[in-house]
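Undergrad: Quick one: this structure, given as structure tokens, is what I'll be asking you about.
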Amino acid sequence: MTTIKHLIDGQLLADTGRTTDVFNPSTGEAIHQVPLASRETVQQAIDAAKAAFPAWRNTPPAKRAQVLFRFKQLLEANEQRIVKLISEEHGKTIEDAAGELKRGIENVEYATAAPELLKGEYSRNVGPNIDAWSDFQPIGVVAGITPFNFPAMVPLWMYPLAIACGNTFVLKPSERDPSSTLLIAELFQEAGLPKGVLNVVHGDKEAVDALIEAPEVKALSFVGSTPIAEYIYSEGTRRGKRVQALGGAKNHAVLMPDADLDNAVSALMGAAYGSCGERCMAISVAVCVGDQIADALVAKIVPQIKALKIGAGTSCGLDMGPLVTRAHQQKVTGYVDDGVAAGAQLVVDGRGLKVDGHEKGFFLGGCLFDRVTPDMRIYKEEIFGPVLCIVRVNSLEEAMQLINDHEYGNGTCIFTRDGEAARLFCDEIEVGMVGVNVPLPVPVAYHSFGGWKRSLFGDLHAYGPDGVRFYTKRKAITQRWPQRATHEAAQFAFPSNG
Ligand code: NAD
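Going letter by letter, the sequence shown gives residues 1 to 498 in UniProt numbering.
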């Protein structure tokens, strides 16, 4: 069993402090130990980022972009290594891990446009001989704290753009699957990133609190569960930091009576059970408008859930791997027990699934509940597992009210052939990311990602144009160069063009 290292000031550093086990969820075995950084170790990373900032801030954006281009090439060249590490520690299938990495690389591609993105705005002659411009300047040291479910993609939402904008970065990845995250950071180093510009410290609450409390850290990007997002947002903003904290979700798919059912079922299968339901954009509720479409959905989807190919994520050609940890498997199973006790109809029961040769893996088969009602815990709370709940309603208005009343507002979608219904849904649904016949409407890298309500704390969404805004401070400069040196008397009235 190897012990994973921190990456601080361009060096891989061993740690002698606390550690925790990293598991292969397909076998149930501990395969690595990861250090849990002390405050002192985190401070070392912050100091390295602070020291690297002045030179990186003044590195021309086009030169920063060249490093990002090489980084992208290295990510592509090392795809198989990265994907294997993701799958080994997270449990998701190889194909799913490859998809996550590709979406991460798209964020690196976007960040290579730094010279264009940072151009600023210029106005000539705003007054006599006076010109004005707005500049986008880096903030300084930025910290990122990321969840287990996208160990490659979510960190890539953050630091390529932050670094392209001239900031330096300290990343605290999830302690549950840190190896791919670390390898990717090492590749950035290999691409020519100066030491200290990107640092990776592993850890838990102690490391996160050190990042929140350090005055040198000017901004925090967080992605994870809602209670921690809210904690980081309130503690960070209380200290005057800029914070964007993306939280949990409960994503509904509305099935209208006119939906193309075969395609809707395929879409729901992937969106509900892909990655074992461990996606913040996973569909966990199907809202059927009318009993007819609900009955037809159940009839079509049940055999497909029962036929899911489930096994060790690292094998090819599977639909679903295990859940990430034993504790999470028990938590999700507990939700299924709770749904049964609350009176929901468990149409497919994935509990007790055993995978041949992987009897100690953290597996759970796909589960389907019908006749779920909004008062049930399985409806109200994020389960983050392969559990789809069907709620039956009588109209689109009732479906939309249900979604708008939910505390989360990350993603949602509607399956319909009716343009009027789709347009109303897009206009009035209180959710940040909306799909029309698209089950996982995760915005591409040049549109920003973010939910509403308790799915995001902060004003700016992640990556894309909002990411540029988040990782830069705007400075407005007004400059006067008189054509001839003339003396002007003091003006006591407020300057204007009036
Ligand atoms: P988590 O909140 O447990 O952990 C996220 C990060 O916070 C990790 O780095 C972890 O070490 C750290 N952390 C955990 N407990 C902490 C504490 N008490 N104080 C300070 N830091 C702490 O989330 P997770 O289980 O890793 O990921 C799953 C969650 O993330 C789900 O709720 C999912 O919806 C959410 N998520 C949201 C998005 C989004 O874009 N909205 C994307 C991916 C995941």
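Ideal Cβ positions, reconstructed from N, Cα and C, are used throughout, including at glycine.
Keep in mind the model is a prediction, meaning the values are calculated, not measured.
Look at the alpha carbon of Ala-271 and the alpha carbon of Pro-441, and state the distance between them as a whole number of angstroms.
TA: Each residue's Cα considered, the two are about 10 Å apart.
Undergrad: Consult DSSP for Glu-382 and reduce its assignment to one of helix, strand or coil.
TA: Looking at Glu-382 - three-state DSSP - the assignment turns out to be coil, as it is neither helix nor strand.
Undergrad: Could you check the C-alpha separation between Arg-480 and Trp-56 for me, to the nearest Å?
TA: Taking the straight line joining both Cα atoms gives about 30 Å.
Undergrad: Check whether the Cβ atoms of Ile-414 and Val-393 lie closer than 7 Å to each other.
TA: Not closer than 7 Å, so no.
Undergrad: Can Gly-313 and Gly-321 be called in contact, C-beta distance under 7 Å?
TA: Taking 7 Å as the Cβ cut-off, Gly-313 and Gly-321 qualify as a contacting pair.
Undergrad: Give the single residue among Lys-331, Tyr-379, Leu-318 whose Cα lies nearest to the Cα of Val-355.
TA: Among Lys-331, Tyr-379, Leu-318, the Cα nearest to that of Val-355 belongs to Leu-318.
Undergrad: Check whether the Cβ of Thr-246 lies closer than 6 Å to any heavy atom of the ligand NAD, and answer yes or no.
TA: One detail in the question is off: residue 246 reads as Leu in this sequence, not Thr. Yes, since a heavy atom of the ligand NAD falls inside the 6 Å radius drawn around the Cβ of Leu-246.
Undergrad: From the DSSP output, read off the bridge partner residues of Gln-304.
TA: In the DSSP output, where bridge partners are listed per residue, Gln-304 has none listed.
Undergrad: Give the single residue among Gly-236, Ser-395, Glu-216, Arg-242 whose Cα lies nearest to the Cα of Ala-52.
TA: Checked all of Gly-236, Ser-395, Glu-216, Arg-242; the closest Cα to Ala-52 is Glu-216.
Undergrad: Can you check whether the CB of Gln-345 is closer than 7 Å to the CB of Asp-370?
TA: Closer than 7 Å, so yes.
Undergrad: With the cut-off set at 7 Å, would you say Asp-427 and Asp-258 are in Cβ contact?
TA: No. Outside cutoff.
Undergrad: Leaving out five residues before and five after Thr-20 in sequence, what residues of the same chain have Cβ atoms less than 8 Å from its Cβ?
TA: If we look at Thr-20 and ignore the five residues flanking it on each side, its Cβ neighbours are Gln-33, Val-34, Leu-36, Glu-175, Asp-204.
Undergrad: Evaluate the contact criterion for the segment 133 to 142 versus the segment 460 to 478: three or more CB pairs, one atom per stretch, below 8 Å.
TA: The segment 133 to 142, when compared against the segment 460 to 478, does touch it at the 8 Å Cβ threshold.
Undergrad: Assuming Val-289 and Leu-255 make a contact with CB atoms under 8 Å, what is their CB distance in whole Å?
TA: The Cβ separation is near 7 Å, so the contact holds.
Undergrad: I think Gly-411 touches Asn-251, with their Cβ atoms under 8 Å apart; what is that distance to the nearest whole Å?
TA: Confirmed, Cβ separation roughly 4 Å.
Undergrad: Pull up the distance between the alpha-carbon of Gly-451 and that of Gly-28, whole angstroms please.
TA: So the two alpha carbons sit approximately 33 Å from each other.
Undergrad: Using 6 Å as the cut-off, classify the Cβ of Gly-224 as near or not near the heavy atoms of the ligand NAD, replying yes or no.
TA: Because some heavy atom of the ligand NAD lies under 6 Å away, the Cβ of Gly-224 counts as near it: yes.
Undergrad: Phe-457 to Leu-268, Cα distance in whole Å?
TA: The alpha-carbon atoms of Phe-457 and Leu-268 are separated by roughly 28 Å.
Undergrad: Taking Cβ positions, are Lys-172 and Ile-145 nearer each other than 7 Å?
TA: Result yes, Cβ atoms of Lys-172 and Ile-145 sit closer than 7 Å.
Undergrad: For the beta strand (DSSP E) that contains Trp-133, what are its first and last residues?
TA: Counting along the chain, the beta strand (DSSP E) containing Trp-133 begins and ends at 130 to 138.
Undergrad: Identify which residue in Lys-360, Lys-331, Arg-81, Asn-149 has its Cα closest to the Cα of Ser-275.
TA: Closest option to Ser-275, Cα to Cα, is Asn-149.
Undergrad: Using 10 angstroms around the beta-carbon of Lys-72, count the other beta-carbons present and answer buried if the total reaches 16, otherwise exposed.
TA: The residue in question, Lys-72, is buried, as its Cβ has 16 or more Cβ neighbours within 10 Å.
Undergrad: I'd like to know whether the C-beta atoms of Lys-75 and Ile-105 end up nearer to each other than 7 Å.
TA: Reading off the sequence, residue 75 comes out as Leu, not Lys. Yes, these two residues count as a Cβ contact at 7 Å.
Undergrad: Looking at the structure shown, is Thr-333 part of a helix, part of a strand, or coil, going by DSSP?
TA: Reduced to three states, the DSSP call for Thr-333 is helix.
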